[in-house]
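For the sequence shown, this note's numbering assigns the number 23 to the initial residue and increments by one for each residue that follows. Glycine included, C-beta positions come from ideal geometry on N, C-alpha and C. Computed from a predicted model, the values in this text were never measured in an experiment.
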Amino acid sequence: MAQAKKSLAKTTSKTQSRTASRPSVKNYQNYIGGKWVPSESGEVSENINPADTQDIIGRFPLSTPQDVNKAVNAAREAYDGWRNMPAPKRAEILFRLGEILIRDKETFTADMTREMGKVLKEAGGDVQEAIDCTYYTAGEGRRLHGFTTPAEMPDKFAMCVRQPVGLCGLITPWNFPMAIPSWKLIPALVCGNTVVLKPAEDTPLSSYNLVHACEEAGIPPGVVNLVTGEGESAGAAITNHTALRLISFTGSTETGRTVASSCAERNAICSLEMGGKNVIIVMDDGDIDLAIEGAIWGAFGTSGQRCTASSRLVVHKKVYKQFSKKLVERAKALRVGNGADPKTDVGPVINADAVKKIMSYIDIGQKEDGATLACGGRRLTRGDHARGHFIEPTVFTDVAPDMRIAQEEIFGPVTAVIPAKSLDDAIEIANGVRYGLSAAIYTSDVNQAFRAMNDMYTGIFYVNASTIGAEVHLPFGGTKATGNGHREAGTQVLDIFSEWKSIYVDYSGKLQRAQIDMVEGLG
Ligand code: NDP
């Protein structure tokens with residue numbers, strides 16, 4: 023589990039004096055049953071800007087199991103009204119939500135950069151993803167297709183319809199603070215479910231903005247409930263709540279396993295999107311300059327804190343030296359700084375614990391693995407970097423596939439360049455990790471491209487593009503330790519948030535026994 027970047031501001035005298043000295047810091051609340059309410063605990067955590075730890079963005083409730091219970095009760099009360107509202111009407115409200123997100127995109131983008139650190143362009147992309155997801159998925163309100171099929175008896179009609187799952191718990195990470203909540207929330211709503219959302223403690227403001235927009239759009243009270251706070255209390259209370267029929271979780275593989283075990287105990291549906299160790303394969307016939315662009319964007323965009331980050335670059339030995347040299351030159355030229363500055367290429371990492379973890383991997387890469395630190399590797403602590411969590415873009419070369427830096431998810435601005443002898447060798451190396459989210463190949467040979475596409479066991483694959491860049495109308499998710507077989511986005515997400523009901527209508531006026539009675543004229 024990620025350690026939060028916050029210092030806790032509990033209701034002690036110390037806090038009160040801190041509050042007095044920072045009167046402008048806003049106190050945010052949970053959203054339960056259509057009302058903004060404080061946590062029962064009265065405790066809060068501070069949302070701190072990772073680029074400037076003296077910038078306190080707001081105080082958010084540290085919710086308790088009692089708060090979660092209230093939110094679940096509100097979701098239960100709202101459920102029948104929402105599920106019985108015709109889906110096209112639910113969708114109309116969601117289209118209004120989309121309009122609000124467009125209207126407030128600039129503000130939401132700035133808020134996101136301030137709380138999460140990613141550069142403004144990428145934060146804008148995150149909000150745009152929420153907008154795209156809202157429009158695309160709201161369109162399902164006029165589809166939600168089921169099907170009819172012939173019945174095996176005469177005068178009998180057979181059909182299948184989607185119905186909502188019920189009450190859903192949504193647990194989200196900090197790296198896509200608006201996109202990921204929207205990827206869960208909007209399909210849940212269009213299918214007729216009611217929800218309790220718990221965003222990561224590190225980035226609650228973007229979820230607050232999303233839920234506030236839901237309220238303004240006219241989503242009825244209790245349909246969407248927001249509880250902020252820690253994973254081990256509020257998150258676990260959601261996971262364990264017997265009234266929540268489904269838990270949709272995105273986060274680390276370790277936490278995902280805990281969530282899955284709790285769900286298994288109580289027969290809840292569980293959809294998991296988890297870690298990655300993604301790979302770009304660069305063949306000797308590939309466009310090297312294009313591959314460098316893709317590698318820089320994939321490895322250092324969002325400071326490497328993407329589930330789809332290009333953390334491994336498997337490069338054909340014939341172009342390995344040339345590729346590594348150019349990559350290092352480009353990485354060295356990247357500007358690290360506050361994401362709010364338009365000149366910044368790479369923002370801070372999320373919190374002090376992330377710095378510790380990433381720096382420990384940089385240490386492992388050099389001392390334990392014995393790889394070559396080709397550039398970067400330092401924490402930046404002077405001048406403009408003094409008050410934030412900044413790490414230099416880091417490239418390791420001469421990396422062997424079984425080294426820890428080539429196997430484990432670092433989740434920071436660090437990438438490992440691994441030589442390969444052939445396409446077969448590259449594919450074997452690329453598949454040789456426990457994760458299976460995203461892979462890419464740069465080649466000008468269509469046969470090699472198709473072979474890699476066929477043989478890479480990942481949920482997402484790119485040809486002549488980086489490992490990042492998913493679009494909302496295609497299914498998103500991974501194999502192996504990345505997922506548990508579900509896909510978000512696309513129409514496939516409807517299979518998470520709805521259940522099939524098979525319906526038989528017998529209009530024969532007599533008892534007809536399937537598999538027993540013979541149809542007249544046959545047999
Ligand atoms: P974590 O697993 O630490 O946290 C994810 C969410 O789970 C947070 O809201 C967290 O709360 C909550 N949580 C923590 N412990 C529990 C618990 N015991 N019960 C219930 N909920 C809990 O992941 P990070 O936030 O650090 O996110 C980074 C990880 O997410 C990376 O591994 C990354 O690869 C993965 N990820 C995967 C994606 C995918 O689609 N495959 C997309 C994006 C990220 P809190 O943080 O407030 O304690």
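The closest heavy atom of the ligand NDP lies 7 Å or more from the beta carbon of F322. Taking Y158 as reference, the option from G458, A173, V515, I291 with the minimal CA-CA separation is V515.
Using a cutoff of 7 Å, the CB of F519 does not count as near the ligand NDP, since none of the ligand's heavy atoms is closer than that. If you check the CB distance, I122 and A290 do not come in under 8 Å. DSSP places T159 in the helix class (H, G or I) of the three-state scheme. A buried status is given to R112, since no fewer than 16 other beta-carbon atoms sit within 10 Å of its beta-carbon. A straight line joining the alpha-carbon of G244 with that of P186 spans about 16 Å.
According to the DSSP assignment, L356 belongs to no alpha helix (DSSP H), since it is labelled neither H nor E. Counting the other CB atoms within 10 Å of its CB gives P221 a total of 16 or more, which places it among the buried residues. Collapsing the DSSP output to three states places K365 in coil. M181 has T170, I525 as its beta-bridge partners, per DSSP. Here the distance from the Cβ of A222 to the nearest heavy atom of the ligand NDP is below 7 Å. Not one heavy atom of the ligand NDP sits closer than 7 Å to the Cβ of T480. Residue pairing from DSSP places Y457 in a beta bridge opposite K502. A buried status is given to V337, since no fewer than 16 other beta-carbon atoms sit within 10 Å of its beta-carbon. Under the rule that a run must span 4 or more residues, the alpha helix (DSSP H) segments found entirely inside the region 228-292 read 258-262, 275-287.
Straight across, the Cα-Cα distance linking K523 with Q537 is about 20 Å. With the rule of 3 Cβ pairs closer than 8 Å, the region 276-288 does not count as touching the region 301-310. With a cutoff of 8 Å on beta-carbon distance, T330 and S229 are scored as not near each other. Apart from sequence neighbours up to five positions away, the residues of its chain that approach V350 with a beta-carbon distance below 7 Å are A396, C397, V417, ordered along the chain. Relative to the ligand NDP, even the nearest heavy atom lies 7 Å or more away from the CB of F472.
The beta-bridge partner set that DSSP reports for D74 consists of N71.
In this structure, DSSP gives W58 an extended state, which the three-state scheme calls strand.
Relative to the ligand NDP, the nearest heavy atom lies less than 7 Å away from the CB of N197. For I302, the enclosing beta strand (DSSP E) begins and ends at 301-304.
At least one heavy atom of the ligand NDP is found less than 7 Å from the C-beta of L459. In the same chain as F198, and ignoring 5 residues on each side of it, the C-beta atoms closer than 6 Å to its own belong to D148, in chain order. According to the DSSP assignment, K92 belongs to the alpha helix (DSSP H) that extends over 87-106. Here G405 carries a helix assignment [DSSP, helix/strand/coil]. Annotation for I372: no beta strand (DSSP E) segment contains it, and DSSP assigns it neither H nor E.
Residue pairing from DSSP places A442 in a beta bridge opposite H338. Residue burial annotation: Q470 is buried, with at least 16 other C-beta atoms found within 10 angstroms of its C-beta. Counting C-beta pairs with one atom in each stretch, the region 404-422 and the region 434-443 have three or more that are closer than 8 Å, which means they touch. K378 sits exposed, since fewer than 16 C-beta atoms from the chains shown fall within 10 Å of its C-beta.
Taking non-hydrogen atoms of the ligand NDP into account, the C-beta of F433 is found less than 7 Å away from one of them.
I518: member of the alpha helix (DSSP H) spanning 516-519, first to last residue.
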